[in-house]
Amino acid sequence: MQLSNRWIQSIKEKLESPEVKDIREIKAFMLINDQVYKRFSDEILAKCIDEEFGRKVLDEVHSKICGLDGPTLARRIQRLGYFWPELRKQANELQRNCKQCQLVIDPKESFFVEEEDWRRVYIDYIIHDQLPDDTSSAILIK
453 MQLSNRWIQS
463 IKEKLESPEV
473 KDIREIKAFM
483 LINDQVYKRF
493 SDEILAKCID
503 EEFGRKVLDE
513 VHSKICGLDG
523 PTLARRIQRL
533 GYFWPELRKQ
543 ANELQRNCKQ
553 CQLVIDPKES
563 FFVEEEDWRR
573 VYIDYIIHDQ
583 LPDDTSSAIL
593 IK
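Numbering (the numbering used here), first residue to last: 453 to 594.
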């Protein structure tokens, strides 16, 4: 058995054992089809994996989201359904050492360009009691 697999086997044995010494240690874990899963407070189930496979998942996900804003790398991996004890620590370390992840997005940059004044649709509706002709403007009023 690999060294990094021992933690999964240990949890599995405790889950299968009728006599558990410390229920707090395993209350967040469950056994489904002979696989160990961790249940998070928001009810997300994450498959417990060994550190070697976890490193591959970490690198793959990081390569896809590097530099993006939003949930942390560790949280994204949990949402994909994976967990290992060192996940958060390794993800934080990877992002801390990545130059692309450290770049701060300039708040003056905009990813959305307003083509026309969105208030115009509402003003026409209120003053003239007239619905817009195009569908995209009509959606704004709904």
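Cβ atoms here follow ideal geometry from the backbone N, Cα and C, with glycine treated the same way.
| Query | Result |
| --- | --- |
| Proximity to Asp521 [Cα-Cα], best of Asp486, Leu555, Phe535 and Asp581 | Leu555 |
| Environment of Met453 [buried if 16+ CB atoms lie within 10 Å] | Since pLDDT at Met453 reaches only 44, below the 50 mark, its modelled position is unreliable, and the value read off the structure follows with that caveat. Met453 should be labelled exposed. |
| Straight-line Cα distance separating Lys551 from Glu468 | 45 Å |
| Residue of Asn549, Glu512 and Phe535 minimising C-alpha distance to Tyr489 | Phe535 |
| 8 Å Cβ cutoff met for Asp502 and Ile460 | yes |
| Leu497 (DSSP reduced to helix, strand or coil) | strand |
| Nearest-angstrom beta carbon gap, Ile517 and Leu525 [assumed within contact, 8 Å] | 7 Å |
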